[in-house]
Ligand SMILES: [Zn+2]
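In the numbering used here, the protein residues as written are 7 to 227.
The following block contains the structure:
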């Protein structure tokens, strides 16, 4: 069991703000672990018990998983991490996504006595998020995701393999609109909650990936 406190970094922001990219950069440079719900839920969804089957249905429909269930998953994962001797830090990328989840997450961190918590909000406007999500493309040949940011906006062909770039089938404007509305309605109260606790630091997410990372790194170090 580690006696040193791990640094907890909670990355928040609208879909398309670049949370995932920044999380990967932090993981690579600082050797932090990541608490992501996607992988955890997909693992459980493979089981053939009641929860596995139910999760498959919920994920298949693109619906949200209830906070109490998420809590049970996160809490087990964090308690396991507590026993890791060399845990340097932990990144939460895109979670919590609601006020109740943020409060439950606080309870989990209280339990394991981790107090070094920073919440980084990558700010992008609603319109910028909408553009990034509806205009990003994917390479037909190698599957590389081409974000709608900076120099990538003008790419005519895949910069890795020269393949044709097409829009993603799940990036339909109505679906994207629903995701962004969800942020404004459900995630924003969680952001406000962290702000009131004095844990929130804002970073302008409309800069280049490098400039965003430079600002994020300053907060982490
Ligand atoms: Zn390609």
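All residues carry an ideal CB built from backbone N, CA and C; glycine is no exception.
Name the two residues that bound the continuous beta strand (DSSP E) containing residue 26. Mapped onto the chain shown, residue 26 falls at position 20. Per DSSP, residue 26 belongs to no beta strand (DSSP E); it is in the alpha helix (DSSP H), 25-36.
At least three beta-carbon pairs within less than 8 Å, the stretch 109-117 to the stretch 73-88: Touching, yes.
Environment of residue 136 [buried if 16+ CB atoms lie within 10 Å]: Start at 1 with the first residue of the chain shown, and residue 136 comes out as number 130. Under a 10 Å Cβ-count criterion, residue 136 is classified as buried, with 16 or more other Cβ atoms of the shown protein chains found around its own Cβ.
Sorted by chain position, which residues of the same chain lie with C-beta nearer than 6 Å to residue 110's C-beta, five sequence neighbours on each side aside? Here residue 110 refers to the residue found at position 104 of the chain shown. Here the set comprises 77.
Exposed unless 16 or more other CB atoms sit within 10 angstroms - verdict on residue 38: The residue given as residue 38 occupies position 32 in the chain shown. Under this definition residue 38 is a buried residue.
For the stretch 128-144 against the stretch 12-32, do three or more pairs of beta-carbon atoms, one drawn from each stretch, fall closer than 8 Å, so that the two count as touching? Segment contact: the stretch 128-144 against the stretch 12-32, three or more CB-CB distances shorter than 8 Å; contact assigned.
Between which residues of its own chain and residue 58 is the CB-CB distance below 7 Å, once the five residues before and five after are set aside? Here the question's residue 58 lines up with position 52 in the chain shown. Hits under 7 Å: 50, 51, 52.
What runs of the alpha helix (DSSP H), each 4 residues or longer, lie entirely inside the stretch 181-215? Counting only runs of 4+ residues, the alpha helix (DSSP H) found wholly inside the stretch 181-215 occupies 194-202, in chain order.
Span of the beta strand (DSSP E) around residue 125: For this step, residue 125 is matched to residue 119 along the chain shown. Taken as a continuous stretch (DSSP letters only), the beta strand (DSSP E) holding residue 125 covers 123-129.
Suppose the cutoff is 6 Å on Cβ atoms and the five residues either side in sequence are ignored; what does the same chain contact list for residue 153 look like? Residue 153 sits at position 147 when you count from the first residue of the chain shown. Once the five neighbours on either side are set aside, the close Cβ partners of residue 153 are 142.
Buried or exposed: residue 8, going by 16 or more other Cβ atoms within 10 Å of its Cβ? Counting from one through the chain shown, the residue named residue 8 turns up at place 2. Residue confidence for residue 8 is low, a pLDDT of 49 falling below 50, so the modelled location carries little weight; the figure read from the coordinates is stated next. Taking every protein chain shown into account, the CB of residue 8 has fewer than 16 other CB atoms within 10 angstroms, so this residue is exposed.
Which parts of the stretch 68-106 are runs of the alpha helix (DSSP H), unbroken and 4 residues or longer, counting only runs that do not cross its ends? Whole alpha helix (DSSP H) segments, 4+ residues: 73-88.
Less than 7 Å between the C-beta atoms of residue 17 and residue 96, yes or no? Here residue 17 refers to the residue found at position 11 when the chain shown is read from its first residue. Here residue 96 refers to the residue found at position 90 when the chain shown is read from its first residue. No, Cβ-Cβ distance for residue 17 and residue 96 is not below 7 Å.
Extent of the continuous beta strand (DSSP E) to which residue 143 belongs: Taking the chain shown and counting its residues from 1, one reaches residue 143 at position 137. Counting along the chain, the beta strand (DSSP E) containing residue 143 begins and ends at 143-145.
Quick one: any contact between the stretch 102-109 and the stretch 190-201, if contact means 3 or more CB pairs under 8 Å? Between the stretch 102-109 and the stretch 190-201, the count of C-beta pairs closer than 8 Å reaches three or more; the two stretches touch.
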